[in-house]
Amino acid sequence: MKFKKLVAVLSTVMLIGAMTVGCAKPAETTAPAASTEEAAPAPAAEAEAKPEEAPKNEKLVVGFAQIGQESGWRDAETWSILNTAEEIGVDLKFSDGQQKQENQIKAIRTFIQQEVDVIGVAPVVETGWETVFKEAKDAGIPIVLVDRRAAVPEDLYAGFIGSDFILEGQSAAKEMATLLGNKGNIVELQGTVGASAATDRMTGFTDELKNYPDMKILASQTGDFTRAKGKEVMEAFLKAYPGEINGVYAHNDDMALGAIEAIKDAGLKPGTDIKVVSIDGVKGIFEAMAAGEANVTVECNPLLGPQFFKAAQDLKDGKTIEKWIKSDEGIFRQETAKDDLPNRKY
Ligand code: GYE
243 MKFKKLVAVL
253 STVMLIGAMT
263 VGCAKPAETT
273 APAASTEEAA
283 PAPAAEAEAK
293 PEEAPKNEKL
303 VVGFAQIGQE
313 SGWRDAETWS
323 ILNTAEEIGV
333 DLKFSDGQQK
343 QENQIKAIRT
353 FIQQEVDVIG
363 VAPVVETGWE
373 TVFKEAKDAG
383 IPIVLVDRRA
393 AVPEDLYAGF
403 IGSDFILEGQ
413 SAAKEMATLL
423 GNKGNIVELQ
433 GTVGASAATD
443 RMTGFTDELK
453 NYPDMKILAS
463 QTGDFTRAKG
473 KEVMEAFLKA
483 YPGEINGVYA
493 HNDDMALGAI
503 EAIKDAGLKP
513 GTDIKVVSID
523 GVKGIFEAMA
533 AGEANVTVEC
543 NPLLGPQFFK
553 AAQDLKDGKT
563 IEKWIKSDEG
573 IFRQETAKDD
583 LPNRKY
């Protein structure tokens, strides 16, 4: 079964409250997984239990509002969340927002109605979350931001688990400078407009570039974190600046992989004629690096399941969590890609 279909099936299964990740069977339908209408029925026994009889260490119930399935990175994160939930026996209600903030907001409202213990959300864009986060707060349900940030006052979320996107952008710029000998023209493929991962990766890169007066960004446009749009935008850049582009900086590997196709279609050699630097560290870019077609990836770790559920359990236990739980990340280059490849987990 194809990964996307599997995720859709698993998502649907989880929404009706069953934790059957490992043994999910192909369903008849690939209907959007974002439907969060069915609230899990409250088990009768639990509803009747008197407070003093309530079982201790009862199951952790978590709602997770995922963004969608735009990239290999996102698929890896989804797997990490689903698999960890299964492994440790969490009652997970999972929603795929299909890139739409309104779907994510709807999912959060459903989780509030379902009285989950904790809500995790990967906010597709940074703004527009205040109202729904307030609703969760009023219901006494902590929000944990996973992998992308939301621009809300600090008291509206318990913590953020994820990377330093500004640092990733700075590292990418330094790597590009090394590859280009501190001189040359760059095109930038941005992630989803308004996403913290895009805004900060742009800021970090642009700020760092100020240290290199002979390096210039010729053009910068969104490719929405997808391979198809990365290719499309790169094709347009190649037409607009024939012979002028020395490097492409993509906010994620998927867009870089799309750009590599466009560069090849234009009769040029990616990794040589045009240097390719991107962010994430997915297997596909290691394969491209091993083939000499990409140069550097700045790692951004999607395997956040264990940290997320640890935080959720802590919150359920009444503990506070760190406001920013950072992920450990490295930088990987073409020279070691063949050796690195077997060790990559996503
Ligand atoms: O880099 C990109 C994805 O939010 C950090 O989203 C994440 C980004 C990741 O689609 O590939």
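Under this note's numbering, residues 243 to 588 are what the sequence shown spells out, in order.
Just so it is clear, CB atoms sit at the ideal spot from N, CA and C, and this is done for glycine as well.
Item to check | N-terminal and C-terminal residue of the beta strand (DSSP E) that residue 596 is part of | outcome: The chain is shown only over 243 to 588; residue 596 falls outside these bounds and no answer can be derived.
Next on the checklist: Check whether the stretch 434-447 and the stretch 464-479 touch, using three or more Cβ-Cβ pairs below 8 Å as the test.
Outcome noted: Below 8 Å, enough C-beta pairs join the stretch 434-447 and the stretch 464-479 to call them touching: three or more.
Item to check | Any non-hydrogen atom of the ligand GYE closer than 7 Å to residue 528 Cβ | outcome: Between the ligand GYE and residue 528, a heavy atom-to-CB distance of less than 7 Å is absent.
Checklist entry - For residue 305, does the three-state DSSP call read helix, strand or coil? => result DSSP places residue 305 in strand when its eight states are reduced to three.
Item to check | Neighbour-count burial assignment, residue 667, 16 or more Cβ in a 10 Å radius | outcome: Outside the shown range of the chain (243 to 588) lies residue 667, about which nothing can therefore be said.
Checklist entry - Quick one: what does DSSP say residue 510 is sitting in, helix, strand or coil? => result Reduced to three states, the DSSP call for residue 510 is coil.
Checklist entry - How many Å lie between residue 575 and residue 524 at the Cα? => result Between residue 575 and residue 524, the C-alpha separation is close to 13 Å.
Item to check | Distance between residue 443 and residue 551 (C-alpha atoms, nearest Å) | outcome: Separation of residue 551 and residue 443 (C-alpha to C-alpha, rounded to the nearest whole angstrom) is 27 Å.
Next on the checklist: If you follow the alpha helix (DSSP H) that residue 468 is in, where does it begin and where does it stop?
Outcome noted: No alpha helix (DSSP H) contains residue 468, which DSSP labels as neither H nor E.
Item to check | Closer than 7 Å: residue 408 CB and nearest the ligand GYE heavy atom | outcome: Incorrect: residue 408 has no Cβ contact closer than 7 Å to the ligand GYE.
Item to check | residue 196 classed as buried or exposed, judged by whether at least 16 other C-beta atoms fall within 10 angstroms | outcome: Limits of the chain in this structure are 243 at one end and 588 at the other, which puts residue 196 out of reach.
Checklist entry - What whole-angstrom Cβ distance do residue 546 and residue 397 have, given they're in contact under 8 Å? => result Going by Cβ atoms, the distance from residue 546 to residue 397 rounds to 23 Å, so no, they are not a contact pair.
Checklist entry - Near residue 347, what residues of its chain come up, given a Cβ to Cβ distance below 6 Å and the 5 sequence neighbours on each side ignored? => result Hits under 6 Å: 374.
Item to check | Ordered list of beta strand (DSSP E) runs contained in the stretch 413-477, each at least 3 residues | outcome: For the beta strand (DSSP E) assignment, the uninterrupted runs of no fewer than 3 residues enclosed by the stretch 413-477 are, from N- to C-terminal side, 426-432 and 457-464.
Item to check | Cβ shell of residue 332 (< 8 Å), same chain only, five flanking positions each side left out | outcome: By the criterion of a C-beta distance shorter than 8 Å, residue 332 is surrounded in its chain by 261, 301, 302, 303, 304, 326, 551 and 554, once the five residues flanking it on both sides are discounted.
Next on the checklist: Can you determine whether any heavy atom of the ligand GYE sits closer than 7 Å to the C-beta of residue 494, and answer yes or no?
Outcome noted: Checking the Cβ of residue 494 against the ligand GYE gives yes.
Item to check | Three-state class that DSSP yields for residue 553 in the structure shown | outcome: DSSP places residue 553 in helix when its eight states are reduced to three.
Next on the checklist: When you compare the CB positions of residue 406 and residue 568, do they come within less than 8 Å of one another, or not?
Outcome noted: Yes.
Checklist entry - Would DSSP call residue 396 helix, strand or coil? => result In the three-state DSSP reduction, residue 396 falls in the helix class (H, G or I).
Item to check | Straight-line gap, residue 201 to residue 490 (C-alpha atoms, nearest Å) | outcome: In the structure displayed, the chain extends from 243 to 588; residue 201 sits before or after that span and is not available.
Next on the checklist: Is residue 566 close to the ligand GYE? I mean its beta-carbon at under 7 Å from any heavy atom of the ligand.
Outcome noted: For the ligand GYE, not one heavy atom lies less than 7 Å from the Cβ of residue 566.
Checklist entry - Is any heavy atom in the ligand HEM found nearer than 7 Å to the beta carbon of residue 313? => result Because the ligand HEM does not appear in the structure shown, any question about it cannot be addressed here, the ligands present being the ligand GYE.
Item to check | residue 331 - containing alpha helix (DSSP H), residue span | outcome: Premise fails: residue 331 is in no alpha helix (DSSP H) and is neither H nor E.
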